[in-house]
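A.B. asks: If you're matching them up, the sequences are chains A and B in order. The working numbering puts the first residue of the first sequence at 275, with every later residue one more than the last. The working numbering puts the first residue of the second sequence at 134, with every later residue one more than the last. C-beta atoms are modelled at their ideal positions from N, C-alpha and C, and glycine is treated no differently.
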Amino acid sequence: MQSEDLLQAAASLGMTLTPAEREAMPALVGRLMAGLSALAPLPRPDAPIRSWSRPARGEDPLNAFAALTGIEGAATGPLVGLRIALKDTIALAGVPMGNGTSLLDGFTPSEDAPVVTHLLAAGARIVGKTNCECLCASGASFTGVNGPVLNPWDPTRSAGGSSSGSAVAVATGQADLAVGGDQGGSIRVPAALCGIVGLKPTFGRIPYLGVATVDPSLDHIGPMARTARLAARMLSVMAGHDPRDPRGSPDLPAADWEAACDLPAAGLRVALVREGMAPGRATSEVAAAVRAALDRLAGIGAEVRQIQVPLHARGIDIWMPVILYGTLAGLWTDGVGAGLTRDEMATMGQHLSGWQARGSELSDVLRVLLLAAEVARRKHGFTPYFQGHAEGRALRAAYDAALEEVDVLAMPTVAGLAGRLPDPEASLQARFDAAVETTGNTAPFNLTGHPAITVPCGLADGLPVGLMFVARHGDEAALFRAAAAVEAVTQMPAPPSWG
Amino acid sequence: MLHYQGLAETADHLACGDLRAVVLTEALLDRIARLDPQLRAFVTVTADRALDMARRADEALANGMRLGPMHGVPIAVKDLFDIAGVANTAGMPIRSRAIATQTATVIRRLEAAGAVLLGTLRLSEGVFGEYLPPGSTPRNPWDAGLWPGASSGGSAVAVAAGLCFGSIASDTGGSIRMPSSVTGLTGLKPGWGRVSRHGVFELAASLDHVGPIARSARDAALLMDVISGDDPQDPTSLALPATRALRDLGLPLRGLRFGFDPAWLEQVDPEVAACHAGLCADLAAEGAERVELRLPDWRGLAAAWYRICAAQAALAHRDSFARHRDDYGQALAGLIEQGARLSALDLQAALQRRLDFTSRLIRALAGVDALVLPVFPFRAPRLSDVAAMDEATILDLHRFTCPVSLAGLPAITFPTGFDSAGAPVGMQLIGLPQTEEVLLRLAHRYQCGTSHHEIHPAAWP
Chain A
275 MQSEDLLQAA
285 ASLGMTLTPA
295 EREAMPALVG
305 RLMAGLSALA
315 PLPRPDAPIR
325 SWSRPARGED
335 PLNAFAALTG
345 IEGAATGPLV
355 GLRIALKDTI
365 ALAGVPMGNG
375 TSLLDGFTPS
385 EDAPVVTHLL
395 AAGARIVGKT
405 NCECLCASGA
415 SFTGVNGPVL
425 NPWDPTRSAG
435 GSSSGSAVAV
445 ATGQADLAVG
455 GDQGGSIRVP
465 AALCGIVGLK
475 PTFGRIPYLG
485 VATVDPSLDH
495 IGPMARTARL
505 AARMLSVMAG
515 HDPRDPRGSP
525 DLPAADWEAA
535 CDLPAAGLRV
545 ALVREGMAPG
555 RATSEVAAAV
565 RAALDRLAGI
575 GAEVRQIQVP
585 LHARGIDIWM
595 PVILYGTLAG
605 LWTDGVGAGL
615 TRDEMATMGQ
625 HLSGWQARGS
635 ELSDVLRVLL
645 LAAEVARRKH
655 GFTPYFQGHA
665 EGRALRAAYD
675 AALEEVDVLA
685 MPTVAGLAGR
695 LPDPEASLQA
705 RFDAAVETTG
715 NTAPFNLTGH
725 PAITVPCGLA
735 DGLPVGLMFV
745 ARHGDEAALF
755 RAAAAVEAVT
765 QMPAPPSWG
Chain B
134 MLHYQGLAET
144 ADHLACGDLR
154 AVVLTEALLD
164 RIARLDPQLR
174 AFVTVTADRA
184 LDMARRADEA
194 LANGMRLGPM
204 HGVPIAVKDL
214 FDIAGVANTA
224 GMPIRSRAIA
234 TQTATVIRRL
244 EAAGAVLLGT
254 LRLSEGVFGE
264 YLPPGSTPRN
274 PWDAGLWPGA
284 SSGGSAVAVA
294 AGLCFGSIAS
304 DTGGSIRMPS
314 SVTGLTGLKP
324 GWGRVSRHGV
334 FELAASLDHV
344 GPIARSARDA
354 ALLMDVISGD
364 DPQDPTSLAL
374 PATRALRDLG
384 LPLRGLRFGF
394 DPAWLEQVDP
404 EVAACHAGLC
414 ADLAAEGAER
424 VELRLPDWRG
434 LAAAWYRICA
444 AQAALAHRDS
454 FARHRDDYGQ
464 ALAGLIEQGA
474 RLSALDLQAA
484 LQRRLDFTSR
494 LIRALAGVDA
504 LVLPVFPFRA
514 PRLSDVAAMD
524 EATILDLHRF
534 TCPVSLAGLP
544 AITFPTGFDS
554 AGAPVGMQLI
564 GLPQTEEVLL
574 RLAHRYQCGT
584 SHHEIHPAAW
594 P
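#1: Does the beta-carbon of asparagine 337(A) have 16 or more other beta-carbons within 10 angstroms, so that it is buried, or is it exposed?
#2: Starting from leucine 200(B), find everything on chain A with Cβ-Cβ shorter than 8 Å and list it in chain order.
#3: Using three-state DSSP, classify cysteine 731(A) as helix, strand or coil.
#4: In this structure, how does DSSP classify methionine 742(A) when only helix, strand and coil are distinguished?
#5: In whole angstroms, give me the CA-to-CA distance for glutamate 419(B) and leucine 598(A).
#6: Can you give the Cα-Cα distance for arginine 167(B) and aspartate 276(B), rounded to whole angstroms?
#7: Please list, in chain order, the residues of the stretch 356-381 of chain A that have any C-beta partner in chain B closer than 7 Å.
#8: Can you find a C-beta in chain A that's less than 8 Å from the C-beta of leucine 389(B)?
#9: For arginine 641(A), which residues from the same chain have a beta carbon less than 8 Å from its beta carbon, with the 5 sequence-adjacent residues on both sides left out?
#10: For glutamate 699(A), which of helix, strand or coil comes out of DSSP?
#11: Shorter than 8 Å from the beta carbon of leucine 336(B) to some beta carbon of chain A?
#12: Starting from the Cα of threonine 687(A), find the closest Cα among Gln276(A), Val444(A), Glu549(A) and give me that residue.
#13: Would you mind working out which of Gln282(A), Thr722(A), Arg296(A) sits nearest isoleucine 592(A), comparing C-alpha positions?
#14: Taking aspartate 394(B) as the query, report the chain A residues whose CB atoms sit under 7 Å from its CB, ordered along the chain.
#15: Output the residue ranges of the alpha helix (DSSP H) runs that lie fully inside the stretch 256-299 of chain B and measure 4 residues or longer, sorted by chain position.
#16: In the DSSP assignment, find the unbroken alpha helix (DSSP H) run with proline 300(A) in it and report its ends.
#17: Between the beta-carbon of valine 560(A) and the beta-carbon of threonine 716(A), is there less than 8 Å?
#18: Would you call the stretch 422-433 of chain A and the stretch 378-387 of chain A in contact, with 3 or more CB pairs under 8 Å?
#19: Using a C-beta to C-beta distance shorter than 7 Å, which residues of chain A count as neighbours of glycine 197(B)?
#20: Which residues in chain A have a C-beta closer than 7 Å to the C-beta of glutamine 567(B)? List them in chain order.
#21: Report yes if the C-beta distance between leucine 603(B) and proline 566(B) is below 8 Å; otherwise report no.
#22: As an exercise, report each continuous beta strand (DSSP E) stretch of at least 3 residues that is fully enclosed by the stretch 437-494 of chain A, in chain order.
#23: With DSSP collapsed to three states, give me the class of proline 594(B).
#24: Please identify the residue among Pro510(B), Gly259(B), Ile360(B), Phe298(B) whose C-alpha is closest to the C-alpha of serine 453(B).
#25: For serine 269(B), which residues from the same chain have a beta carbon less than 8 Å from its beta carbon, with the 5 sequence-adjacent residues on both sides left out?
#26: Quick one: residues in its chain with C-beta nearer than 7 Å to the C-beta of serine 349(B), no 5 flanking neighbours on either side, listed in chain order?
#27: Does any residue of chain B have a CB that is nearer than 8 Å to the CB of aspartate 697(A)?
#28: Just to confirm, are proline 490(A) and proline 517(A) a CB contact at a threshold of 8 Å?
#29: With 8 Å set as the bound, which would you pick, yes or no: does the beta-carbon of leucine 373(B) sit closer than that to a beta-carbon of chain A?
#30: Applying the 10 Å Cβ sphere with the 16-neighbour rule, what's the burial state of proline 426(A)?
#31: Sort His589(B), Asp163(B), Ala223(B) by Cα distance to histidine 450(B) and report the nearest one.
#32: Using a beta-carbon distance below 8 Å, is proline 385(B) in contact with chain A?
#33: Between the stretch 397-415 of chain A and the stretch 338-353 of chain A, do at least 3 Cβ pairs fall closer than 8 Å?
#34: Span of the beta strand (DSSP E) holding serine 432(A)?
#35: What are the residues of the stretch 412-430 of chain A that lie near chain B, defined by any Cβ-Cβ distance shorter than 8 Å?
#36: How is glycine 748(A) classed by DSSP in three states: helix, strand or coil?
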């Protein structure tokens, strides 16, 4: 091997080679590398032929979809007759997958993610892959390579992210259900800004296999639907331990979540988290809408009180090192994640390999995050990542303590209403702020693993407001009970029709 | 031969370090120095800027970084884009020292993608018809007696003779498509508004379109992906993201439909008609379905185009013409004077014809992905033919290009063969708004099965 390459590699590791090492390294490194070239090439099974298309002009005016499909599921099952859209991070065999970036151009998965297999077996029809933010790294819908995703309530505004297209597809009725992914709020934020229901389940509830990872300790996928009941039904199909997923656990028993939607609101104990309503976590219109909804809940018998969880104010800061380092580490493992070795994700990894040379193709927001992570890593090593997890355990304990007295915690899902999509020429600061400002209340629960649901609780200035409930680990039933109760006392109009 | 290699292919070689940008740029600058005195494609060769950019590309790659999808690729642009510090002459002698102080969005996007800008390319005066000064008409590398097309003559000649890997030009009544056709190139006139006109010298605002000229649909697709998309600095640009044409280029054609109206093909030279028929047969053989269409009447459309163009040009030159009238060439001056004298009613009649035609055309194309049309109703004109053309023939020259400009629909032209005099013959595919990606796919598919676009003029190796 070229000694110049060796020296460069050594320098990047901070190694200065002694003369003896410089003498011996080429042969030793060469010997180890020789073993690599003897490896069998990655299997590339043929992808099944599935018919798909890009949306034609005028067909998808809000830009929700990257690809349209018409894949029929089983003839019978709980999801028969329902159309499902999949975030473009989820492997759907035979259909190109983009994860919001041009780096994956040419990648078509050869195998369905297990959750897709379950959804099809339940009778659902898959109608497409939805546009998402560039490598999932934005809470606003303007960083994906296919262009901004527009909010159905006002197409000059963000639909939220990173499961932007999934939320829009459900809100407009282009799909009945959607699968989203959530590492910091990426299901709940777009669901709230588009006026639909979105659930980040308990960590490990739904197998995260055949899905592009961000950080294995934060990865969740979950259902998005127009009603709590449909989301519950979808969860029943998606949930279940898969021993191949190290995130999962066999100790998460399922429950009858659809039935939970019918539980009476009377006696439901709700605690509004004061820190979740603080300036920076809730604008006045959002706070007013949330309070009004909780008043209406109280009016049908729920017990609503206020509670303080001081550590919640620090929640996003405790989560931040985990997402920063996780995103960087994920890219260092070509997007696959060390220890996660399924073949079709490895093929995806081959496309991402060499991403460092194509940094110009990443969104400007992601470039800020990656740079911050790398600078932090050089200065502090991986310690902040572990600090985040350690303090995250204290954070979890704080929410658990709060949940001892009540069934669910409550707070706004997103601090404000859907913001205007930033101009491509806007300052980097403005664009970055727009991308991250939505996740203050949602992010902590990705780290602690508590299940959290957003349900639309009204409009302010014509834009939807989402109310988020959080429950104990494993207690999605309480979330569905609470969400259905809010639906019962809230009249949400349909979004204006834009195409 | 490196200089005739594909743009996309060259971009790949540069991006993985097989080729150094400085070496390639120097080779092309050398070729330009040797051959352009006879070809007359360039107005300004921006050698320093090009080498700076090439050096930047090589340094970036040495640090493991690709600047963008056009990393180190040498291209040139029609001389009507503002480039700060460089003259934007728009082919007008009075503008030979008009140094721009801003940079057009399209140029910024190209350079942000890593492109190396070799210089600006010759065009006819004011983007209209006449090359000035006399004797400066770019030379068609296929045959010096052949017209190089207008107004983007230099932009086509440079690409056809291997002086650059692609160019960006403009089309108001055929100015990308005609030069591309007579030089055997692939030129895309996108739909109106699909590419920003910020910093672009105006001929007629509602008819001007910016687009790429290249040696293949694949190359044109790469260029289009870089230059297209919403630009807040040009509020008339469509609020859509950039195209993703390169990504889906190879998708099969099954399910696509193309059409033509036999009535439109009456009074067309038999050799041109034969190329048209050949293209239709090839598209059908690739799996696209052929449909017969009934299009609105084409008669009078070129004349309507001329009136609208004249009025808008008169407006664009209002101040300049008043002050420098004597320094304007005859053709452009004639256009401006006619435009200024046009009565409101006559202009309105032209605008209404435009509206009527556009609406009818869009309805007629509702069931197809592409309309197949020739570029010219006759074979590639010779310079002597063009010099002697009367007004009726000039209008007829534009029979198939002006109506598409009027309607603002995207159109791609690519070579489909040679006529009995050895001149390239181009055909157009026209689509409904925002179908640039489909048109590029159709052209690419055709080029995968044919080799007309791979033949280069033997006299300029």
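C.D. replies: So, to answer that:
#1: buried
#2: Ser634
#3: strand
#4: Under the three-state reduction of DSSP, methionine 742(A) is assigned to strand.
#5: 49 Å
#6: One C-alpha to the other measures close to 18 Å.
#7: Asp379
#8: no
#9: Gly633
#10: Correct three-state label for glutamate 699(A): coil.
#11: For leucine 336(B), no Cβ of chain A is located within less than 8 Å of the residue's own Cβ.
#12: For threonine 687(A), the nearest C-alpha among the options comes from Glu549(A).
#13: Thr722(A)
#14: Per Cβ cutoff of 7 Å: no residues; aspartate 394(B) is ~22 Å from chain A at best.
#15: 286-293
#16: 293-311
#17: Going by C-beta atoms, valine 560(A) is not nearer than 8 Å to threonine 716(A).
#18: no
#19: By Cβ distance, chain A contributes Gln630, Ala631.
#20: Under the 7 Å cutoff, chain A gives Arg331.
#21: The structure shown has nothing for residue 603(B), since chain B only spans 134 to 594.
#22: 451-455, 471-474
#23: coil
#24: Gly259(B)
#25: So the list reads Arg173, Arg255, once near-sequence residues are dropped.
#26: Gly139, Thr319, Gln580, His586
#27: yes
#28: no
#29: yes
#30: buried
#31: Ala223(B)
#32: It does not; no Cβ of chain A falls within 8 Å.
#33: Taking a cut-off of 8 Å for Cβ pairs, the stretch 397-415 of chain A and the stretch 338-353 of chain A touch, as three or more such pairs fall below it.
#34: 428-432
#35: Val419, Asn420, Gly421, Pro422
#36: coil
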